[in-house]
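Count along the sequence shown from 1, then add 238; that gives the number in my numbering.
Using N, Cα and C, we set each Cβ at its ideal position, and we do this for glycine too.
Here the structure comes first, spelled out in structure tokens, and everything after it is commentary.
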Amino acid sequence: MVFLVNLNLTALAERLFVRVGCVTTRFMGLVEIGGVVMSRAAERVEIAADNLTNATTAGYKATHGFRALLGSEATAPLDNASGPKLSVDLTSGALHNTGNPLDFAISGQGFFAVRGPAGTYYTRCGQFTRDADGRLVTANGMVLQSQSGDLNVGSGDFKVAPDGMVTVDGAPMGRIAVMGFEKPGDLDPVSGGLFSADSAAAKASDASVRQGMLESSNVSTATEMISIMSGLRSAETGQRVVQVYDDLMSRATSVFGQV
């Protein structure tokens with residue numbers, strides 16, 4: 239920033255002011271751009287940190303902001319700027335054996351449907367427990383859905399076939415609902431690997447259920463750490479932009495008097 243400090247102050251002031259006391263919107267835009275850069279950087283760090291937090295959550299899908307910090311939006315009206323829209327990486331994680339009959343993994347595309355007080359959500363996390371009523375529930379109490387409603391397996395042993403059919407002593411108890419979407423990218427991440435959907439879900443055609451297995455998250459810890467470091471550097475850049483503007487205004491004001 240040495241070259242900025244050494245600028246002729248009179249010439250600098252003429253660029254900053256149309257006339258004494260009138261700041262050009264061109265230079266005021268520096269503050270807005272710096273603010274946008276810092277905001278985007280903070281959101282980028284937050285997204286990466288959330289991914290790292292869920293790196294060990296079964297079936298978790300990494301999320302990313304796909305709008306660049308300084309891309310086409312930098313020339314768009316800044317008062318219309320909003321946070322980066324999230325995109326979800328739907329690539330499958332590795333499947334691993336747990337030996338727990340209450341653990342399920344989906345091989346292929348699709349999501350488990352779980353019902354909570356606020357409605358139905360979708361997840362790739364197949365880590366369930368059994369409640370007092372014999373229903374399979376998530377860690378936060380959402381009930382795994384069959385194709386006809388809440389799935390109840392009772393209190394005894396049960397088996398799950400690859401097509402999702404649940405049987406107890408050979409008697410069918412229901413088929414696990416494995417749902418797909420025409421546009422999976424339209425799914426909205428909620429938290430901890432849960433998704434909400436505006437579009438209608440349909441039975442997934444190319445998925446199978448594996449009992450006694452879980453899907454690992456697809457989070458790359460190295461990638462997320464790099465994203466955090468990059469976001470922090472971008473935030474520092476935004477801070478410097480704002481500081482440069484403040485310094486320029488202070489020097490110009492000292493020449494022309496109080497604005």
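- Annotation: the segment 336-421 contains the following complete segments of the beta strand (DSSP E) (minimum length 3 residues), in chain order: 342-345, 349-354, 357-361, 381-384, 403-406, 409-413 and 416-418.
- T301 is bridged by DSSP to V326.
- For a cut-off of 8 Å, the C-beta gap from L382 to F366 is around 6 Å, short enough to register as a contact.
- Distance from the Cα of F349 is smallest, within the candidate group A399, M403 and I414, for I414.
- As the crow flies, the alpha-carbon of L389 is around 25 Å from that of K299.
- Three or more pairs of CB atoms, one per stretch, sit closer than 8 Å, so the segment 285-303 contacts the segment 353-368.
- Restricting attention to A287, A279, R282 and M276, the CA atom closest to the CA of T459 is found in A287.
- Scanning its chain for C-beta atoms nearer than 8 Å, with the 5 sequence neighbours on each side dropped, one finds around D327 the residues K299, A300, T301, H302 and N456, in chain order.
- Straight-line measurement puts the Cα of R478 at about 44 Å from the Cα of S437.
- Nearest C-alpha to N289 among G379, L324, V391 and G354: L324.
- Note that the C-beta distance between V447 and I344 is below 8 Å.
- Between D424 and A435, the C-beta gap is smaller than 8 Å, which places the two residues in contact.
- No residue range can be given for V457, since it is assigned to no beta strand (DSSP E) and is classified by DSSP as neither H nor E.
- D341 is positioned such that its CB atom lies closer than 8 Å to that of M451.
- Annotated three-state conformation of V428 is coil, per DSSP.
- The Cβ atoms of N338 and G430 lie no closer than 8 Å to each other.
- G357 and T475 have their alpha carbons spaced roughly 43 Å apart.
- If you compare the alpha carbons of S393, I285, G402 and L432 with that of G372, the shortest gap goes to S393.
- Each residue's CA atom was taken as its position, placing E420 and A351 some 16 Å apart.
- For S446, the secondary structure class from DSSP, reduced to helix, strand or coil, is strand.
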